[in-house]
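Chains as they are written, first to last, in this note's numbering: chain A, 1 to 248; chain B, 1001 to 1243.
Worksheet: one structure, shown below.
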């Protein structure tokens, strides 16, 4: 595993005050953006026939739904701390990118220098090159989004003029397709992945059924956290029963 | 144009979110990218530019396609405003979109409507605040201490199976919330066909798998729609649930 090396010599470097400041700034930017967006919705909600109460309800539902996923991301991020140091982990996992992408990127970049994540070959130099590669890759995503979004926006406005029904059909279909594809992509990975998907799906079905039958609206919000937990517990037992991915 | 600035309007919403969304995304990009450059200059690690370029190109070869494919896949779902949030925060499929789906389901708004878009935006804001709070508290401040407490088998399971454990539940909630039987069947059918049959046969297409499923599902849903119902309304508001 990648935790074996303890703290290497570059960890002190990765925890310098400047990097703590940069990491805090990055989190600050996310908060500022959210505050601006919240006020934009609040001001203009009326134009979409949305009450202030619904605005608050949507905010709360989104926050509650994010608790489960956030805690699991935290768990993974913590595991990366000995490898990269705290501020780089906060910047990489806290901004664009997920723990999985970042670990894969770091390991690919380290590979080009003949080094492995977490053992003695992962030196100060390899660490910086890996972090550089991860950061530039994340930067590519952000730049592409900045460039492409206005282009997509213009074309979707054009399409909407050609046929207004387009924009009423596309988002729902795209959402269904994206999640169907993402879910199916997990299935061939191992039997435990199947167990996790199925356990989570069944739990959600039960939660939504109870939410509707017993008129418990909070269960719609907490359903995702509960499903995630049940999915992970089921995966835990399946994994240690030998159904997991071969080389963990 | 200039007369609508203060009245509540979608144009005002789009103006604010486009301007400040792109500014904040750009600042986030600058700060995040400065981290390795700072380290490069303070650490006398004797690294030449060629090594960095080689490392970057190896990562680019794997993820470069996604720079284009992911924005393209998520734009129809997120809309322009949501794009600047999602690609700043990341964790799109495992955190932000699930939050948006839950919020739309909670207040009964459909994707593709203004109300649905606003609900998604607020939900992503809520998710962003939780995201920041959890990163700051549990990773930034308590992380090193928690690391000594959490048994490794649990961390391992969380790392390996976090995504399937989220996706199963979210997909069910999405289907229940949209109530579009036909689109659901098309999406599930296409996804099964592409992911389980086509990709194993043509592995080169793997980086674009989700995008292929999205585009095919949109196309098929579009061409099989009931034109008499969907095409004859000026207001794109309530006809989403029909298909």
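Even for Gly, the Cβ is constructed at its ideal location relative to N, Cα and C.
Mapping DSSP to helix, strand and coil, what is residue i?
i: residue 17 of chain A; result: helix
i: residue 51 of chain A; result: coil
i: residue 190 of chain A; result: coil
i: residue 113 of chain A; result: coil
i: residue 1019 of chain B; result: helix
i: residue 215 of chain A; result: coil
i: residue 1094 of chain B; result: helix
i: residue 95 of chain A; result: coil
i: residue 244 of chain A; result: coil
i: residue 1114 of chain B; result: helix
i: residue 1209 of chain B; result: helix
i: residue 1179 of chain B; result: coil
i: residue 945 of chain B; result: Lying outside 1001 to 1243, the shown extent of chain B, residue 945 of chain B is not represented and no answer is given.
i: residue 138 of chain A; result: helix
i: residue 1108 of chain B; result: coil
i: residue 221 of chain A; result: helix
i: residue 121 of chain A; result: coil
i: residue 1045 of chain B; result: coil
i: residue 1202 of chain B; result: coil
i: residue 87 of chain A; result: helix
i: residue 44 of chain A; result: helix
i: residue 1008 of chain B; result: coil
i: residue 1036 of chain B; result: helix
i: residue 69 of chain A; result: helix
i: residue 2 of chain A; result: Residue placement at residue 2 of chain A is flagged as unreliable, the pLDDT there being 41, under the threshold of 50; a coordinate-derived value is accordingly withheld.
i: residue 164 of chain A; result: coil
i: residue 1238 of chain B; result: Low confidence applies to residue 1238 of chain B: its pLDDT is 41, below 50, so where it sits in the model is not reliable, and the reading given next is rough at best. Coil at residue 1238 of chain B, not helix or strand.
i: residue 236 of chain A; result: helix
i: residue 37 of chain A; result: helix
i: residue 1063 of chain B; result: helix
i: residue 10 of chain A; result: coil
Mind checking residue i: buried by the 16 CB within 10 Å criterion, or exposed?
i: residue 1002 of chain B; result: Confidence in residue 1002 of chain B is poor, its pLDDT being 46 and thus under 50, which makes the residue's placement unreliable; the coordinate value appears in the next sentence. So residue 1002 of chain B counts as exposed.
i: residue 1223 of chain B; result: exposed
i: residue 54 of chain A; result: buried
i: residue 1157 of chain B; result: buried
i: residue 34 of chain A; result: buried
i: residue 121 of chain A; result: exposed
i: residue 1111 of chain B; result: buried
i: residue 21 of chain A; result: exposed
i: residue 1196 of chain B; result: exposed
i: residue 236 of chain A; result: buried
i: residue 1154 of chain B; result: exposed
i: residue 212 of chain A; result: exposed
i: residue 1179 of chain B; result: exposed
i: residue 1148 of chain B; result: exposed
i: residue 129 of chain A; result: buried
i: residue 240 of chain A; result: exposed
i: residue 1145 of chain B; result: exposed
i: residue 49 of chain A; result: exposed
Whose C-beta lies closer than 6 Å to the C-beta of residue i among residues of the same chain, with five residues either side of it excluded?
i: residue 231 of chain A; result: 196, 199 and 200
i: residue 1216 of chain B; result: 1190
i: residue 1139 of chain B; result: none
i: residue 245 of chain A; result: 190
Leaving out five residues on either side along the sequence, give the residues of the same chain with a beta carbon under 7 Å from the beta carbon of residue i.
i: residue 1099 of chain B; result: 1123, 1124, 1126 and 1127
i: residue 15 of chain A; result: 85, 86 and 87
i: residue 1025 of chain B; result: 1084, 1087 and 1088
i: residue 1072 of chain B; result: 1211
i: residue 217 of chain A; result: 211
i: residue 1175 of chain B; result: 1184
i: residue 1170 of chain B; result: 1098 and 1101
i: residue 1037 of chain B; result: none
Once the 5 residues before and after residue i are set aside, which same chain residues still bring their CB inside 8 Å of it?
i: residue 1008 of chain B; result: none
i: residue 228 of chain A; result: 68, 69, 72 and 200
Is any non-hydrogen atom of the ligand NAP found closer than 7 Å to the C-beta of residue i, if you look at the structure I gave you?
i: residue 165 of chain A; result: No copy of the ligand NAP appears in this structure; indeed no ligand is present at all.
Members of the stretch 58-75 of chain A near chain B, C-beta cut-off 7 Å: Within the stretch 58-75 of chain A, the qualifying residues are 58, 59, 60, 61, 62, 63, 65, 66, 67, 69, 70, 71, 72, 73, 74 and 75.
Chain A contacts from the stretch 1136-1158 of chain B (Cβ-Cβ distance under 8 Å): Along the stretch 1136-1158 of chain B, going in chain order, the ones with a CB nearer than 8 Å to a CB of chain A are 1136, 1138, 1139, 1140, 1143, 1144, 1146, 1147, 1150, 1152, 1153, 1154, 1155, 1156, 1157 and 1158.
Positions along the stretch 1213-1230 of chain B whose CB lies within less than 7 Å of some CB in chain A: So the close ones are 1213, 1214, 1217, 1218, 1221, 1222, 1225 and 1230.
In the stretch 26-44 of chain A, which residues sit with their C-beta less than 9 Å from some C-beta in chain B, listed in chain order? Of all residues in the stretch 26-44 of chain A, 26, 27, 28, 29, 30, 31, 32, 33, 34, 35, 36, 37, 38, 39, 40, 41, 42, 43 and 44 have a Cβ within less than 9 Å of some Cβ in chain B.
Name, going along the chain, the residues of the stretch 177-201 of chain A whose beta-carbon falls closer than 9 Å to a beta-carbon of chain B. Flagged, chain order: 177, 178, 179, 180, 181, 182, 183, 184, 185, 186, 187, 188, 189, 190, 192, 193, 194, 195, 196, 197, 198, 199, 200 and 201.
Contacting positions in the stretch 1196-1215 of chain B - beta carbon closer than 7 Å to chain A: Residues 1196, 1209, 1210, 1213 and 1214.
Taking beta-carbon pairs under 7 Å, can you tell me which members of the stretch 1037-1062 of chain B lie near chain A? Taking 7 Å as the Cβ-Cβ cut-off against chain A, the residues of the stretch 1037-1062 of chain B that qualify are 1038, 1039, 1040, 1043, 1045, 1046, 1047, 1051, 1052, 1054, 1055, 1056, 1058, 1059, 1060 and 1062.
What are the residues of the stretch 1156-1177 of chain B that lie near chain A, defined by any Cβ-Cβ distance shorter than 8 Å? So the close ones are 1156, 1157, 1158, 1159, 1160, 1161, 1162, 1163, 1164, 1165, 1166, 1167, 1168, 1169, 1170, 1171, 1172, 1173, 1174, 1175 and 1176.
Mind pulling the beta strand (DSSP E) runs of 3 or more residues that sit fully within the stretch 1130-1178 of chain B? Fully enclosed beta strand (DSSP E) runs of 3 or longer: not present.
Members of the stretch 103-120 of chain A near chain B, C-beta cut-off 9 Å: Cβ contacts with chain B come from 103, 104, 105, 106, 108, 109, 110, 111, 112 and 113.
If contact means a Cβ-Cβ distance below 8 Å, which residues of the stretch 141-159 of chain A contact chain B? Listed by position, the residues of the stretch 141-159 of chain A near chain B (Cβ gap below 8 Å) are 141, 142, 143, 144, 145, 146, 148, 149, 150, 152, 153 and 156.
Using Cβ-Cβ distances below 7 Å, what residues of the stretch 218-229 of chain A are close to chain B? Residues 220, 221, 223, 224, 227 and 228.
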